[in-house]
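Going left to right, the sequence shown walks through residues 6 to 128 as this note's numbering numbers them. A short write-up of the structure that comes next.
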Amino acid sequence: CQLGCDAVETARHIFVCCPFFDHLRCNAQADVVRETSEQLLMWPQHNTHYYLGTMPPLRLPENIHHELETTRLITRVVHAWHLTSIRLASRIWGEYKRRTTSRVTHPSPTFTLPPSLAYLLNS
Numbered sequence: 006c007q008l009g010c011d012a013v014e015t016a017r018h019i020f021v022c023c024p025f026f027d028h029l030r031c032n033a034q035a036d037v038v039r040e041t042s043e044q045l046l047m048w049p050q051h052n053t054h055y056y057l058g059t060m061p062p063l064r065l066p067e068n069i070h071h072e073l074e075t076t077r078l079i080t081r082v083v084h085a086w087h088l089t090s091i092r093l094a095s096r097i098w099g100e101y102k103r104r105t106t107s108r109v110t111h112p113s114p115t116f117t118l119p120p121s122l123a124y125l126l127n128s
């Protein structure tokens, strides 16, 4: 990994495992917990894909018997998780690009003008 880890730099590593971004993942988890007022449960199959936009299935609360109430609650929770996941992925990707792009130097592109326009620069 270009950020100092002894690991292959894959999307999963950058978004899920890389210790460089632990603070961003912790902040996002705290945001979701605060937003939904519940502890997060383990993602299905112990494998998170939040950066791809997938969400775990949610269990319906047992103490809510009204279908409309349940649907609204589940929708709010899913929206909160989705927004937090998008923010986390964009923060990690932005930081990753800032850290790695500065190491790669790209030559400035050069353009050749057609002879019919070259006189514009010679004035």
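Glycine residues also receive a C-beta, built at the ideal position from the N, C-alpha and C atoms.
Which word fits residue i, buried or exposed, when buried means at least 16 other C-beta atoms lie within 10 angstroms of its C-beta?
| i | result |
| --- | --- |
| Arg30 | buried |
| Ala35 | exposed |
| Ser121 | exposed |
| Tyr124 | exposed |
For residue i, which residues from the same chain have a beta carbon less than 6 Å from its beta carbon, with the 5 sequence-adjacent residues on both sides left out?
| i | result |
| --- | --- |
| Thr105 | Gln7 |
Which of the three DSSP states is assigned to residue i in this structure?
| i | result |
| --- | --- |
| Phe25 | helix |
| Thr105 | helix |
| Gly9 | coil |
| Leu125 | coil |
Near residue i, what residues of its chain come up, given a Cβ to Cβ distance below 8 Å and the 5 sequence neighbours on each side ignored?
| i | result |
| --- | --- |
| Thr89 | Ala33, Asp36, Val37 and Glu40 |
| His18 | Cys6, Cys10 and Ala12 |
With distances taken between CB atoms, is the gap from residue i to residue j smaller than 9 Å?
| i | j | result |
| --- | --- | --- |
| Gln26 | Ile97 | The sequence shown places Phe at residue 26, not Gln. Yes, they are a contact pair. |
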